[in-house]
Amino acid sequence: MKYLQGLNEAQYQAVTMIEGPLMVLAGAGSGKTRVLTMRIAHLITNGVSPFHILALTFTNKAAREMKERIGKVVGESDAKSIWMGTFHSVFARILRSEAHLLGFPSNFTIYDTQDSLNVLKKVIKELNIDADLYKPKKVMSRISAYKNNLITVRAYLNNPELMEADERANMKYLGQIYGKYVESCFRNGAMDFDDLLLRTNELLTRFPEVLAKYQDRFRYILVDEYQDTNHSQYLIVKALASKFENICVVGDDAQSIYSFRGANIYNILNFKKDYPDAVTVSLEQNYRSTQNIVDAANAVISKNVQQFKKNVFSENETGEKIKVYRALSDADEAGFVAANIWELHNSQQRKFSDFAILYRTNSQTRAFEDSLRKKNIPYRVYGGLSFYQRKEVKDLLAYLRLLVNENDNEALSRVINYPARGIGETSQNKLIVFADSQNISVSKVLDNLGFYSPQLGLNNGILTKLADFWAMIKAFEVMLKTEDAYTVAMEVAKRSGLIKFLKDDQTPEGISRVENVQELLNSMRGFIDEQQQVEDGDPGLSNFLGSIALSTDQDNTKDDDRDKVSLMTIHLSKGLEFPVVHLVGLEENLFPSFMSSSTREELEEERRLFYVALTRAEKQAFFTYAISRFQWGKITDAEPSRFLSEVNSEFLEFINPAMESRFVNHSGLKSNIFDEMPADARSFKKLDPKKKIERNEETPKTMSRNLKPVATARIINPSGQSSQDIEVGDQVRHDRFGIGEVTFLDGTDPQNIKAKVVFQHEGEKNLILKFAKLTKI
DNA sequence: TGAACAGGCGTTTTT
DNA sequence: CGCCTGTTCA
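Using full-length UniProt numbering, you'd call the opening residue of the first sequence number 1 and step up by one each time.
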């Protein structure tokens, strides 16, 4: 068994104990993925049919990669027939084939968060409830929490405690809203994310024969990232595994970071109680990171009260200390990171793809995008607004959704008057109110428009427009019976007027919208091809739509193999690894988030998040924080994150140690770099006049702490050798930017002097002298 | 009917 | 700041 070679003792055990319940506690970087893949390969090699294996992963991408690796051991065709994917996608698939039992159409729509919120807003409006008191987002998260704990509407209404709790929270109509919301989804033939799990539970509980079928099918079950499963997922796994009990869960309680969406850390903490015979294997040797990184991460996580005791260690090199950079502002922070990446790229021949920039919130992205762009460093942002959430893409998708499921009122209301065809809000409302009063769906009314028209109270012009619109939709539906999804989608884009409407807008944004629609069509083409190659593939439109609703940004990377720096939130970085990690924005109220600093539990989760972030790093880690940050249109002062002080200082190295002394303004005068800016530094102002000047006016306090400019500085190259004096006004040459003039120098610590240089072609750049390798001409 | 604009508001993480 | 809502005007 070649694939068993090179496993350590614990790994070997985890791979080869194939019968009975098994819990693998896998510390960060301990070869968890390897164990999972090899375990599955081992199952198949030992005669278990891939047909009987169910593997639940955290992302679809993880599943795809794992399949690939398994394929290399046992052959591609076996690997492909394993059921592997996220909870949501696997059970969406099962629900499609069993939906009729629950009263849903098999091509039910999957609502994403935005769809759910829209439905909820309508419900709240319909019930005449004050939307200010019942913020849709807040209501949604409560409903979600109920669903994830299998508290159905009925269960809720039978539970005085819950109702009282909501009443105390000024939400006494929550039950009503919840009820209406569920009804609405049902009528629309739609399930939200939580429904995919909740309805699966319903299916398995209400229909024992269905449960038996899948129990028999999934004789070997593996669950990755078990620490991040919620109660609903836990029950599904438990039900399916109860016959054979060949269940293997893999996880690390120290990396549980999804409690906000219902993840229940007790699922893993109590595994032994559920399966008293369970064997526990601990993987504690970290193969990923240097000792310094592992030790620093351990130091922080040890501050958590609630955890399994573990001894994660590394036998790799000690490695460099973690470098800490204290930035003056978010822009400065981003500038440092970009300069640092550029420098390491040059001096250590690191590929750009070796680097990750990890942050707590998506809104931090922008500054880094700016700084990387300025240096022409290629990058890719993960997460944020995904491709499929763009308006123009959602619009086309809404048409397609409607074709597949006429009852999807969300989709209908999105497209009925888009592009504008004269069916305004008033007319739409009449239609909806009438449909509701007759207790039929809007599509039924449109199906029999002639019959209902006298009662609708709409004028003939509108009625004609409605009829035309519906005839168009019907024509698409007919077409769908004979043509493939791509052809139909193409036709929809054209005939609905969507493309034309978008093409009329010749602004850059407008052009990119057309491209996005084109891209959607392409991805559809790709999906169909892919599905046709797989044995039990389904190239149908509804499968495509379902896969989109459940796809994450990570899944869509297409593993674009180009050499790029990765930017993402820490949450998205789970499971990944990078040679060099920049963990940025280490400030109180940002990380830990001000939303999660009130209770110990919340704080511990933030700490686990920190742990996850740091343990992504293989060779080098950088921490940065800014003492002031541009936020919500204002400058906010910031304090360093408490997590920084939780890392023993022996693991840290402060890049700008001289900084502290400079905070004291010895002259007693209020000074800032702008006052003393050389008169000829006009391009400095040009760079970003609004922002800089605003800051200057608004926060004299912050600015007064700023660096004092220096008149001359010594160029020190990274190796610390040969040097050269340089001063404002000098002509210099830069490897990439060419020739330019130094307009400004900044800083007294020779390791950290910054220069502003106006280049002939590239414009102004902020350079760190140490890194920039300027040559005086 | 719909585009254009002003004002208010909330700001975490995601399947 | 940027998103969303509501209002105004053509």
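Even for Gly, the Cβ is constructed at its ideal location relative to N, Cα and C. As the structure is a prediction and not an experimental result, all values here were calculated from the model.
When beta bridges are read from the DSSP output, methionine 23 appears opposite Val249 and Thr280. The beta-bridge partner set that DSSP reports for isoleucine 635 consists of Phe630.
When DSSP reads this structure, aspartate 192 sits in a beta bridge with Tyr111. One thing to note: serine 443 has its Cβ no nearer than 8 Å to the Cβ of glutamate 483.
For secondary structure counted as the alpha helix (DSSP H) over 4 or more consecutive residues, the region 173-229 holds these complete runs in sequence order: 174-187, 193-206 and 208-217. By the C-beta criterion, the region 79-92 is judged to be in contact with the region 53-60, since at least 3 inter-stretch pairs fall below 8 Å. Counted as a single uninterrupted DSSP element, the alpha helix (DSSP H) harbouring glycine 461 occupies residues 460-482. Sequence-distant Cβ neighbours of asparagine 298 in its own chain, meaning closer than 8 Å and more than five residues away, are Val312. Distance between proline 208 and arginine 142, taken at the CA atoms: about 30 Å. For isoleucine 322, there is no enclosing alpha helix (DSSP H); the enclosing beta strand (DSSP E) has its first and last residue at 322-327. Cβ contact annotation for lysine 503 (same chain, cutoff 7 Å, sequence separation greater than five): Val514, in chain order. Distance from the CA of leucine 25 to the CA of phenylalanine 594, rounded to the nearest whole angstrom, comes to 31 Å.
Cβ neighbours of arginine 642 within its own chain (closer than 8 Å, five residues either side excluded): Glu588 and Pro592. Distance from the CA atom of glutamate 519 to the CA atom of phenylalanine 654, rounded to whole angstroms, is 46 Å.
Rounded to whole angstroms, the separation of the alpha carbons of arginine 206 and glycine 179 is 20 Å. Only buried fits histidine 231, as 16 or more other CB atoms lie within 10 angstroms of its CB. Take the alpha-carbon of alanine 28 and the one of asparagine 148: they are about 27 Å apart.
For leucine 521, the enclosing alpha helix (DSSP H) has its first and last residue at 508-533. For isoleucine 528, same chain residues with a beta-carbon under 8 Å away, outside a window of 5 residues either side, are Asp484, Ala485, Tyr486, Pro539 and Phe544 in chain order.
With a contact defined as Cβ atoms closer than 8 Å, alanine 41 and isoleucine 70 qualify at about 5 Å. At the C-beta level, valine 581 and alanine 296 stay beyond 8 Å of one another. Secondary structure remark: continuous alpha helix (DSSP H) runs of at least 4 residues inside the region 79-126, in chain order: 87-98 and 113-126.
The criterion of a C-beta distance shorter than 8 Å is not satisfied by valine 565 and isoleucine 265.
Contact between leucine 211 and leucine 204 holds: CB atoms are separated by about 4 Å, below the 8 Å threshold. CA-CA distance, leucine 412 to aspartate 447, rounds to 13 Å.
Tyrosine 275 and asparagine 158 have their alpha carbons spaced roughly 31 Å apart. In the three-state DSSP reduction, threonine 365 falls in the helix class (H, G or I). Across the set Glu639, Glu646, Gln13 and Thr365, the C-alpha of Glu639 shows the shortest separation from the C-alpha of leucine 328.
The beta carbon of alanine 63 is closer than 8 Å to those of Ala55, Thr57, Met84, Gly85 and Thr86 in its chain, skipping five residues each way along the sequence. Between isoleucine 432 and lysine 465 the beta-carbon gap is near 16 Å, outside 8 Å, which marks them as no contact. Taking isoleucine 416 as the centre and dropping the five residues before and after it, the same chain places the C-beta of Ile423 closer than 6 Å to its C-beta, in chain order.
With a 10 Å radius around the Cβ and a threshold of 16 neighbouring Cβ atoms, tryptophan 342 comes out buried. In this chain, the beta strand (DSSP E) harbouring methionine 568 covers 565-569.
Judged by beta-carbon spacing, leucine 162 lies beyond the 8 Å limit of leucine 198, meaning their Cβ atoms are not closer than that value. In the three-state DSSP reduction, threonine 16 falls in the helix class (H, G or I). In this structure, valine 119 places its C-beta atom within 8 Å of the C-beta atom of glutamate 410.
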